[in-house]
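> Before I ask anything, here is the structure I am working with.
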Ligand code: UD1
Ligand code: CA
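Residue numbers (the working numbering): 2 to 487.
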């Protein structure tokens, strides 16, 4: 992950190749005989978030905080990333299943130092020399800073990243004597009379810990502080007192290293990320109108020559090809939009594949498994789920296509419904090439409408319709004399 900082914004470029270039040039060669692993502290409840969800699952631009951390740590420490979880542990584990080398449960969350105590045996069993410990609420942690920390850490017993802020707020304060780190004192416990006038240098909550030298202090951690918690930060003062080497690596005021503790902090961080992604895309040749109202996730790719109109949200692993036009008020999630397609206003596209030159919407809903082949059209109030619409086929109005295979050149009339569910099981509807389905038709699956077949408007189709046949399945109209008529 590479970031280029300028005075106003942070440009992000998250690519595996950049990370592996970092690893190859900075990590493997100079540190080849040393084993590093990483530990994410993710057990806390996030009380200051007031959310029923665990904090590490809260999202920035549709992606949970923990997802960002795995993305940066996995390539740096392949197969060597552990996570301490506790609050709603099952939910966290199930969302990321395979991502962590080991999930370590901290059943009672007694503080960051306690989290490290709980994880220690697993780290020791893995024969690590050093562990990078990262707070789970620092999602935008840059790879380059981890690498700087590893370099400093290699010559130290404990190293940690620091920031210098105008307002150190509730962060732990770094105390130095003669320029050397003396301790980290948590904001609530900080007493200027004892610790000196605060300098604005704070602990970013990312540490490089040498296992062999730190082990002895772990058991000594106490909780005699304002929060009654076991602080990982106390290890720093203990190590200094014991004459070990401790380094604070200052990263200036890098906003990505700020922990997220409140809704306001989350939204501020998300906005920084959002703005940099949008500006990045604009400079690459994507036209983004009302740019301040466009939310684009970090893993979304958009080719130059595409046009996006805000407000809208493009999230997950969405890819948008050149020449695509996404109108305002659309949500596109984990979907692919082929070149030259147009997603018209108020459409909702999730886990869907839209081929080239298609038209979707306005007010269309493509649900998971919807696949539109080239030049297909889905119009207003049409819902498509787990269904393929063949080349040039059209479902333009008020329709539900679920569990369906629709061939090429098919016309689906207004109000057509695939009745795919009998209360227990789902069944497939097949509509072959060039068939014509009249308006207000119920297709009761499993059922097939053959090539070039015609289904009359208002039909309920319960039997297969053969190639070139015409089916009409409705009550015959009777015209009777009107009662009382003259
Ligand atoms: C922590 C640091 C503080 C630093 C700040 C940087 C301590 C005592 N303080 O404060 O010096 O400036 O981060 O952002 O560490 N967690 C557990 N188990 C627990 C408690 C917490 O896994 O029992 C996890 C949380 O899920 C979170 C991380 O540890 O991801 C940090 O905890 P948090 O309570 O946010 O610490 P801060 O008060 O922000
Ligand atoms: Ca925090």
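Note that CB positions come from ideal geometry on N, CA and C, so glycine has one too.
Using a Cβ distance threshold of 8 Å, determine whether the segment 223–236 contacts the segment 181–189, with at least three qualifying pairs required.
Yes, since at least three Cβ pairs between the segment 223–236 and the segment 181–189 fall closer than 8 Å, the two stretches touch.
> Taking three-plus beta-carbon pairs below 8 Å as touching, is the segment 261–269 in contact with the segment 51–68?
Yes: at least three Cβ pairs fall under 8 Å.
> Counting Cβ pairs, one atom from each stretch, are 3 or more of them under 8 Å apart for the segment 428–435 and the segment 452–463?
Verdict: yes, contact present.
> Does residue 255 pass the burial test, meaning 16 or more other C-beta atoms within 10 Å, or should it be called exposed?
Burial call: buried.
> Considering only C-alpha positions, which residue in the set 83, 111 and 161 is nearest to residue 173?
Considering only alpha carbons, the answer is 161.
> Just mark residue 122 as buried or exposed, buried being the case when its beta carbon has 16 or more other beta carbons within 10 Å.
Classification of residue 122: exposed, given that the 10 Å Cβ count is below 16.
> Please list, in chain order, all residues with a C-beta atom less than 5 Å from at least one heavy atom of ligand 2.
Result (chain order): 138, 260 and 262.
> Can you say whether residue 471 is buried or exposed, counting buried as having 16 or more other CB atoms within 10 angstroms of its CB?
Exposed is the call here.
> If you draw a straight line from the alpha carbon of residue 338 to that of residue 104, how long is it in whole angstroms?
About 36 Å.
> Under three-state DSSP, which class holds residue 505?
Shown here, the chain extends from 2 to 487; a query on residue 505 therefore has no answer.
> Buried or exposed for residue 147, please, with buried defined as at least 16 other CB atoms from any protein chain shown within 10 angstroms of its CB.
By the neighbour-count rule (16 or more Cβ atoms within 10 Å), residue 147 is buried.
> Could you work out which residue in 299, 411 and 309 is closest to residue 454 when comparing CA atoms only?
It is 411 whose Cα lies nearest to the Cα of residue 454.
> Based on Cα-Cα distance, which residue from 155, 326 and 107 lies nearest to residue 214?
Among 155, 326 and 107, the Cα nearest to that of residue 214 is on 155.
> Just to confirm before moving on: does the CB-CB distance between residue 85 and residue 55 stay below 8 Å?
Taking 8 Å as the Cβ cut-off, residue 85 and residue 55 do not qualify as a contacting pair.
> Is residue 385 close to chain B? Criterion is C-beta to C-beta, closer than 8 Å.
This model lacks chain B altogether; it includes just one protein chain.
> Pick helix, strand or coil for residue 188, following the three-state DSSP scheme.
If DSSP states are grouped into helix, strand and coil, residue 188 belongs with the helices.
> Are the segment 111–127 and the segment 37–54 touching by the rule of at least three beta carbon pairs closer than 8 Å?
With the cut-off at 8 Å, the segment 111–127 and the segment 37–54 touch.
> Taking only heavy atoms of ligand 1 into account, decide whether any of them is closer than 7 Å to the Cβ of residue 234.
Yes - ligand 1 has a heavy atom lying nearer than 7 Å to the Cβ of residue 234.
> What I want to know is whether the C-beta of residue 1 ends up closer than 7 Å to one or more non-hydrogen atoms of ligand 1.
This structure leaves residue 1 out entirely; the chain is present only between 2 and 487.
> Put residue 98 into one of helix, strand or coil per three-state DSSP.
In the structure shown, residue 98 sits in a helix (DSSP, three-state: H, G or I).
> Could you pull the start and end residues of the alpha helix (DSSP H) that residue 404 belongs to?
Not the alpha helix (DSSP H): residue 404 falls in the beta strand (DSSP E), residues 395–407.
> I want to know whether the segment 192–205 touches the segment 276–293 - three or more CB-CB distances under 8 Å.
Contact fails: fewer than three Cβ-Cβ distances are below 8 Å.
> My guess is that residue 310 and residue 329 are in contact by the Cβ rule of under 8 Å, so how many angstroms apart are they, rounded?
At roughly 5 Å, the Cβ-Cβ gap stays under 8 Å, so residue 310 and residue 329 are in contact.
> Closer than 7 Å to a non-hydrogen atom of ligand 3 - does that hold for the CB of residue 118?
Inclusion of ligand 3 in the displayed structure is not the case, the ligand content consisting of ligand 1 and ligand 2 alone.
> In this structure, does DSSP put residue 219 in helix, strand or coil?
In the structure shown, residue 219 sits in a helix (DSSP, three-state: H, G or I).
> Considering only heavy atoms of ligand 1, does any lie closer than 7 Å to the CB of residue 160?
No, the Cβ of residue 160 stays beyond 7 Å of every heavy atom of ligand 1.
> Cβ-heavy atom distance between residue 203 and ligand 1 below 7 Å?
Yes, the beta carbon of residue 203 sits closer than 7 Å to at least one heavy atom of ligand 1.
> Return the bridge partner residues of residue 161 from the DSSP annotation.
Residue 161 is bridged to 208 and 249.
> Taking only three categories from DSSP, how would you classify residue 78?
Three-state result, residue 78: coil.
> I'd like to know whether the C-beta atoms of residue 258 and residue 205 end up nearer to each other than 8 Å.
Closer than 8 Å, so yes.
> What residue does the alpha helix (DSSP H) around residue 267 start on, and which one ends it?
Its alpha helix (DSSP H) spans residues 264–285.
> Residue 248 and residue 153 look like a contact to me (Cβ under 8 Å); what is the Cβ gap, rounded to whole Å?
The pair is a contact, with the Cβ atoms about 5 Å apart (cut-off 8 Å).
> Can you tell me whether residue 230 is helix, strand or coil according to DSSP?
Looking at residue 230 - three-state DSSP - the assignment turns out to be coil, as it is neither helix nor strand.
> Cutting at 6 Å between CB atoms, please list the residues of its own chain near residue 443, excluding the five before and the five after it.
Answer for residue 443: 418, 420 and 461, listed in chain order.
> Under the criterion of a Cβ to heavy atom distance below 7 Å, does residue 187 qualify as lining ligand 1?
Flag set: Cβ of residue 187 near ligand 1.
> So, under 8 Å CB-CB, residue 308 and residue 336 are touching, yes? Tell me the CB distance rounded to an integer number of Å.
So it is not a contact: roughly 17 Å between Cβ atoms.
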